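Written below as structure tokens is the structure these notes are about.
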Amino acid sequence: MTYILGIESSCDDTSAAVIQNTRVLSNIIANQKVHSIYGGVVPELASRAHQQNIIPVVDVALKEAKITKKQLSAVAFTRGPGLLGSLLVGTSFAKSLSMALHVPIIEVDHLKAHILAHFIDDGSNSDNPSFPFLCLTVSGGHTQIVKVKSPSDMEIIGATIDDAAGEAFDKAAKIMGLSYPGGPEIDKLANKGNPDVFNFPKPRIPELNYSFSGLKTSILYFLRDKLKEDDHFIKNNIYDLSASIQSTIIEILMDKLTKATIQTGISQIAIAGGVSANSGLRDAIVKAGIENGWKTFIPPFKFTTDNAAMIAIAGYFKYLNNDFASQDLTPYARSKF
Ligand code: KG4
Ligand code: ZN
45 MTYILGIESS
55 CDDTSAAVIQ
65 NTRVLSNIIA
75 NQKVHSIYGG
85 VVPELASRAH
95 QQNIIPVVDV
105 ALKEAKITKK
115 QLSAVAFTRG
125 PGLLGSLLVG
135 TSFAKSLSMA
145 LHVPIIEVDH
155 LKAHILAHFI
165 DDGSNSDNPS
175 FPFLCLTVSG
185 GHTQIVKVKS
195 PSDMEIIGAT
205 IDDAAGEAFD
215 KAAKIMGLSY
225 PGGPEIDKLA
235 NKGNPDVFNF
245 PKPRIPELNY
255 SFSGLKTSIL
265 YFLRDKLKED
275 DHFIKNNIYD
285 LSASIQSTII
295 EILMDKLTKA
305 TIQTGISQIA
315 IAGGVSANSG
325 LRDAIVKAGI
335 ENGWKTFIPP
345 FKFTTDNAAM
355 IAIAGYFKYL
365 NNDFASQDLT
375 PYARSKF
């Protein structure tokens, strides 16, 4: 039996998880509430909170998994991309623990881990994608279409040239005065609104790439003009605004994803990352799957946003290949793949 401890500390969630081969035994996440009053993640506060959370979170993850740290086969941790100060906390902790236990450490790329979350066995008996498949990775920091040839061989075939899809949700929400993170707020409000009431322009970007910064600007100017006529415009139209913004983001995402399936001839399609929790996007993928004959893979909610179970499963695949890290590595802020 292989037991991997996964550690995730790339942004504002401190998480630890234990897996037994591919089966998740525990997945503990400490959210950092401190950032919400600032309307976004404050890096210095995030790294301090990670320092406070990491030991208790690992302790609870081991207890819930009903194993002792001596049973661990390896410690996997997020090396990047993310906030350097936050990553340093997880990286240093993983290094020290592995040294103390005389077990290997495994470095994991956060974005690959979001994709490999599809292989976590949570007892639900759902199908895994088979290789190659396409994954639309949509998070707060990244938007990518990835051709996944194996757990260790992935190719980015499209990516955003500016903001990520999650940022588009969060910035639109901020403009409308909603709380941070705005993605889940817009999702909830959109369910009560009509997506056809307001029209926002879609970018024309070549190839399989994305752009979301223009959408943010057009929402800003549109609302500025409307507020001049009516102080309560946002409040009175919040449902339809949310639904219209959400459907624009989803249409932008789906257009390029559909193009990617045609270009590559691959019809197994997965989504991953925090924005894959969005109910409108989940419905759109299922609908497009039925219309186009794709086999679609939608992650369980608990594995969409940042969590350590995805780090542990990515670590497990590397463990099988004896792909271990050295004690002298340092985190990276930007993705290397
Ligand atoms: O993957 P993630 O937890 O962290 C990063 O790696 O960035 O993604 C966080 C992002 C945030 O932008 C958040 O607003 C968005 O995922 N998000 C959502 C939903 N849940 C989380 N966006 C839209 N609808 C949701 N239900
Ligand atoms: Zn993430």
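First residue of the sequence shown? That's 45 in the working numbering, and the numbers climb one at a time after it.
Cβ atoms here follow ideal geometry from the backbone N, Cα and C, with glycine treated the same way.
Since the structure is predicted, the reported quantities are computational estimates derived from the model, not experimental observations.
Any beta-carbon of chain E closer than 8 Å to the one on residue i?
i	result
N243	Among the chains in the structure shown there is no chain E, since it carries only a single protein chain.
What's the call for residue i, buried or exposed, on a 16-neighbour Cβ count within 10 Å?
i	result
R326	buried
V330	exposed
F256	buried
L131	buried
I243	Note on identity: in this sequence residue 243 is Asn, with Ile being the wrong assignment. It is exposed - the Cβ of N243 has fewer than 16 other Cβ atoms within 10 Å.
H382	The requested residue 382 does not occur in the structure, where the chain is confined to residues 45 to 381.
G185	buried
Q371	exposed
P245	exposed
T135	buried
Y265	exposed
M45	exposed
K215	buried
M143	exposed
D207	buried
G318	buried
P375	buried
F137	buried
E295	exposed
I342	buried
F345	exposed
R378	exposed
F175	exposed
G337	exposed
S291	buried
N281	buried
For the ligand ZN, any of its heavy atoms closer than 7 Å to the Cβ of residue i?
i	result
D240	no
G50	no
S323	no
G317	yes
D207	no
A350	The sequence given here places Asp at residue 350; Ala does not occur at that position. The answer is yes for D350.
H162	no
H79	no
H146	no
I158	It is worth fixing the name first, because residue 158 is His in this sequence and not Ile. Indeed, a heavy atom of the ligand ZN lies less than 7 Å from the Cβ.
H154	yes
Which first and last residues belong to the beta strand (DSSP E) in which residue i is found?
i	result
Y47	Y47 to E52
S379	Careful: S379 lies outside any beta strand (DSSP E) and carries neither H nor E.
V119	A118 to G124
R67	R67 to N75
T187	T187 to S194
A352	Per DSSP, A352 belongs to no beta strand (DSSP E) and is neither H nor E.
T58	D57 to Q64
Below 7 Å CB to CB, which residues in the same chain sit around residue i once its five sequence neighbours on both sides are set aside?
i	result
K300	I189, G202, L252 and Y254
A352	G50, I51, E52, S59, A60, A61 and N71
G83	K218 and Y224
N172	H162 and F163
I263	A216, I219, F244 and I289
At a threshold of 7 Å, does residue i count as lining the ligand KG4 (C-beta to nearest heavy atom)?
i	result
S183	yes
T305	no
F213	yes
Q237	For the record, residue 237 in the displayed sequence is Gly; it is not Gln. No - the ligand KG4 has no heavy atom lying nearer than 7 Å to the Cβ of G237.
P343	no
C55	yes
I294	no
G210	yes
I230	yes
G227	yes
Taking the alpha helix (DSSP H) that residue i belongs to, which residues open and close that run?
i	result
M143	L128 to L145
S174	Taken as a continuous stretch (DSSP letters only), S174 belongs to no alpha helix (DSSP H), as it is neither H nor E.
M298	F277 to T308
I150	Taken as a continuous stretch (DSSP letters only), I150 belongs to no alpha helix (DSSP H), being part of the beta strand (DSSP E) at I149 to D153.
E229	G226 to A234
Q96	P87 to A109
S257	S257 to E273
V330	S323 to N336
E211	A209 to I219
Among the residues of its own chain, which have a CB less than 6 Å from the CB of residue i, if the five just before and after it don't count?
i	result
S288	P239, V241 and F242
P87	L127 and G129
I67	The amino acid occupying residue 67 in the given sequence is Arg; Ile does not appear at that position. Closer than 6 Å at the Cβ level, and outside the excluded window around R67, lie D165.
V102	A60
Under 8 Å Cβ to Cβ from residue i, same chain only, skipping five residues before and after it: list those, please.
i	result
V104	A60, S70 and I72
L373	R123, T135 and E151
The region 188–202 contacting the region 269–280, beta-carbon criterion three pairs below 8 Å: no
Stretch-stretch touch, CB-based, cutoff 8 Å, three pairs: the region 82–96 with the region 155–169: no
Decide if the region 355–367 is in contact with the region 314–323; the criterion is three or more beta carbon pairs, one per stretch, under 8 Å apart. no
Contact between the region 54–71 and the region 121–140 is defined here as three or more beta-carbon pairs at a separation below 8 Å; is this criterion met? Yes, they touch.
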